[in-house]
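The number in the numbering used here is simply the position in the sequence shown, starting from 1, with 3 added. Ideal placement from N, C-alpha and C gives every residue a C-beta, glycine not left out. Beneath this line is the structure, given in C-alpha cells, with notes to follow.
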Amino acid sequence: MNTAQTSEPLSTAPVTAFADWRDYFALLKPRVMTLVIFTAACAMVAAPGQLHPFLAFVSVLCVAVAAGAAGALNQWYEADIDALMKRTANRPLPAGRLAAGEALTFGIVLSVGSVMIMGLALNWVAAAWLAVSIGFYVFVYTMWLKRRTPQNIVIGGAAGAFPVLVGWASVAGDTPLMAWVLFGIIFLWTPPHFWALALFMEADYSKAGVPMLPVTHGLAETRRQILWYSFALVACTLVPLPGITGLAGWAYGSTAIFTGALFIAFAVQVYRSTSVSSAEMFAEKRLFKFSLFYLASLFGALVADVWLA
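Structure follows, in C-alpha cells:
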C-alpha cells in the first residue's frame, strides 16, 4: 500500500441535494464535541474560583461552538478521504448535501465568533487557548500531520486536550500545574483510544491512504504502542493523588486507581490479541469503548472531589 500523501484536499462531490439543519449539525461532529464539552466543564468546576452561572454557560457554549467549528473545518479539508471510508462516506460534504464553500464559511464564522465572545465575556487568556485549540486541530493535525505521518494521533492529541486549559482559564485566568496535568491525561489518552479504533478500521484507513499506525507499521506494533501509552496514561493520572502532589482528593484518587487498573488490563488483552479480522477484534473494540468511560469517570471524579470538599 502506498501511503505517500498529498498535502491538499481533493475535490468534493458535487452538491446533489438540499442541506437542512441536520447537515450543519453533523458538520460540528457532535459526538466528539460532547466529550470536549464535558472535560472542559469539569475543569471549570475543579478550578479555584467561581463564575456567575450565566458566564459559566457562555464559557461552555464557546467551547462547544469552537469544537464544532474545528470539526466543520476538518470535514471541509478531508471531504476527499471521508468519501473513501465507510464510517464517514455519508457526511454532508462527501454525500453531496453541502458545498465545500458553505462548510468553510460556517467553520470560520463559528471559530471567530467563539473566540471573540470568550474574550469579551470571560477573559483573553481563555480566548487565546480557545484559538490555539482550533488552530492546532485544523492546521497542525488536519492539514499537516494526518496525511503525512503515523504520529498524527500522538501529536494531534493536543487538540483535544486544549479545551481543559480553556475551561480552567475561564474561571481562574491562568493555567497552573493541575490544568496541565489534565491536559497531559487527555494527550496520553488519545493514542490508545484512537489506535484501538484504527485497529478494527485499518482497511478503511488503508483504502483512504491515511498513514495511521496499523497501516504503516502493522497490527502488532500498534498493539505494542497502545500498551506503552496506556502505562504512561495511567501514570499521569496518578500525579494528582494525595501523597504525590495532593492536587486532587480521594474521590478522584480511588477512581484513577481502579479504572486505571482496568485500562491496563484491557490494553494487555489488546497486546496479546492476534486477530486480523475486524469482526474478531473484541479486545480492541472493548478497549475503545472503555476508554470513553474511563476519561469521563476521571473527570467526573474531579467534580465529585469539589462537591465532597
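| query | Mind checking if T152 is an interface residue toward chain C, Cβ cutoff 9 Å exclusive? | reply | Absent from the structure is chain C; it holds one protein chain and no more.
| query | Is the beta carbon of A103 within less than 8 Å of some heavy atom of the ligand GTP? | reply | Judged by which ligands are present, the structure shown has none, so any question about the ligand GTP falls away.
| message | Threshold first: 4 residues or longer. Then list the alpha helix (DSSP H) segments lying entirely within the stretch 126–173, N to C. | response | Complete alpha helix (DSSP H) runs here, min 4: 127–138.
| task | With a cut-off of 8 Å on the beta carbons, I'd call W231 and L216 a contact; round off their distance for me. | result | Position 228 of the sequence shown holds residue 231. Position 213 of the sequence shown holds residue 216. Not quite, the Cβ-Cβ distance comes to about 12 Å (not below 8 Å), so this is no contact.
| request: Reducing DSSP to helix, strand and coil, say where A2 ends up. | output: Nothing can be reported for residue 2, as the shown portion of the chain is limited to 4 through 312.
| message | Cutting at 7 Å between CB atoms, please list the residues of its own chain near L185, excluding the five before and the five after it. | response | On the sequence shown, position 182 is the one that residue 185 refers to. So the list reads A46 and V167, once near-sequence residues are dropped.
| Endpoints, the alpha helix (DSSP H) within which R94 is located | On the sequence shown, position 91 is the one that residue 94 refers to. Counting along the chain, no alpha helix (DSSP H) covers R94, and no H or E run does either.
| query | Leaving out five residues before and five after Q272 in sequence, what residues of the same chain have Cβ atoms less than 6 Å from its Cβ? | reply | By 1-based counting over the sequence shown, the position of residue 272 is 269. Excluding sequence neighbours, Q272 sits near A286.
| task | Excluding the 5 residues preceding and the 5 following P97 in the sequence, name in chain order all residues of the same chain whose CB lies nearer than 6 Å to its CB. | result | Translated into positions along the sequence shown, residue 97 becomes position 94. Within the same chain, P97 has close Cβ partners A16, A82, D85 and A86.
| In chain order, what residues of the same chain lie with their CB nearer than 6 Å to the CB of M121, ignoring the 5 residues before and after it? | Translated into positions along the sequence shown, residue 121 becomes position 118. Within the same chain, M121 has close Cβ partners C65, A129, A130 and L133.
| said: Can you give me the C-alpha to C-alpha distance between P179 and T108, rounded to a whole angstrom? | reply: In the sequence shown, residue 179 corresponds to position 176, counting from 1. In the sequence shown, residue 108 corresponds to position 105, counting from 1. Their Cα atoms are separated by approximately 35 Å.
| said: Looking at G176: is its Cβ nearer than 9 Å to the Cβ of N126? | reply: Along the sequence shown, read from residue 1 onward, the residue named residue 176 stands at position 173. Along the sequence shown, read from residue 1 onward, the residue named residue 126 stands at position 123. When the beta-carbon positions are compared, G176 and N126 come within less than 9 Å of each other.
| Between the C-alpha atoms of S280 and F203, what's the straight-line distance to the nearest angstrom? | The sequence position of residue 280 within the sequence shown is 277, counting from 1. The sequence position of residue 203 within the sequence shown is 200, counting from 1. Approximately 7 Å, taken between the alpha carbons.
| field | Same chain, Cβ closer than 8 Å to S294, five either side skipped, listed in chain order | value | Here residue 294 is taken as the residue at index 291 of the sequence shown, counted from 1. Closer than 8 Å at the Cβ level, and outside the excluded window around S294, lie W192, P195, H196, A199 and F266.
| said: Is it buried or exposed, R100, if we count other Cβ atoms within 10 angstroms and call 16 or more buried? | reply: Position 97 of the sequence shown holds residue 100. Its Cβ being crowded by 16 or more others within 10 Å, R100 is buried.
| field | Own chain partners of A299 with C-beta closer than 7 Å, once the 5 adjacent residues on each side are dropped | value | By 1-based counting over the sequence shown, the position of residue 299 is 296. Around A299, the same chain offers F41 as residues with beta carbons nearer than 7 Å, after the five sequence neighbours per side are excluded.
| Where does E81 sit, in a helix, a strand or coil, going by DSSP? | For the purposes of this step, residue 81 is taken as the residue at position 78 of the sequence shown. Note: E81 maps to coil in three-state DSSP.
| For M88 and G211, believed in contact at Cβ under 8 Å, the rounded distance | Walking along the sequence shown from the start, residue 211 turns up at place 208. Walking along the sequence shown from the start, residue 88 turns up at place 85. Contrary to the premise, residue 211 reads as Ala rather than Gly in this sequence. Between M88 and A211 the Cβ distance is about 5 Å, and since that is below 8 Å, they are a contact.
| request: Identify the continuous alpha helix (DSSP H) that holds K288 and give its terminal residues. | output: Position 285 of the sequence shown holds residue 288. Judged by DSSP secondary structure, K288 falls within the alpha helix (DSSP H) whose first and last residues are F285 to L311.
| request: Please go through the same chain and pick out, in chain order, the residues whose beta-carbon is closer than 7 Å to the beta-carbon of G52, but skip the five residues on each side of it. | output: For the purposes of this step, residue 52 is taken as the residue at position 49 of the sequence shown. Within the same chain, V174 and A175 come within 7 Å of G52 by CB-CB distance, once the 5 residues on both sides are set aside.
| request: Could you check how far apart the C-beta atoms of A70 and M119 are, in whole angstroms? I think they sit under 8 Å. | output: If you number the sequence shown from 1, residue 70 lands on position 67. If you number the sequence shown from 1, residue 119 lands on position 116. Cβ atoms of A70 and M119 stay farther apart than 8 Å, at about 16 Å.
| message | Taking 9 Å as the threshold (C-beta atoms), are L30 and A106 in contact? | response | To locate residue 106, count along the sequence shown from 1; it is residue 103. To locate residue 30, count along the sequence shown from 1; it is residue 27. In this structure, A106 places its C-beta atom within 9 Å of the C-beta atom of L30.
| Which of helix, strand or coil does DSSP assign to L191? | Numbered from its first residue, the sequence shown carries residue 191 at position 188. Helix at L191.
| said: So, for V237: in the same chain, excluding its five sequence neighbours on each side, which residues have a beta-carbon less than 7 Å away from its beta-carbon? | reply: Reading the sequence shown from its first residue, position 234 is the one you call residue 237. Excluding residues up to 5 positions away in sequence, G263, F266 and I267 lie with their Cβ nearer than 7 Å to the Cβ of V237 in the same chain.
| task | Could you round the C-beta distance between A161 and F142 to whole angstroms and report it? I think they count as a contact, below 8 Å. | result | As a working mapping, residue 161 is identified with position 158 in the sequence shown. As a working mapping, residue 142 is identified with position 139 in the sequence shown. Going by Cβ atoms, the distance from A161 to F142 rounds to 12 Å, so no, they are not a contact pair.
| Given G74 as reference, the closest of S136, S62 and W24 once Cα atoms are compared | Here residue 74 refers to the residue found at position 71 of the sequence shown. For G74, the closest of S136, S62 and W24 by C-alpha to C-alpha distance is S136.
| Given W169 as reference, the closest of A49, A312 and D26 once Cα atoms are compared | Numbered from 1 along the sequence shown, position 166 holds the residue referred to as residue 169. According to the sequence shown, residue 169 is Val rather than Trp. When each option's Cα is compared against that of V169, the closest is A49.
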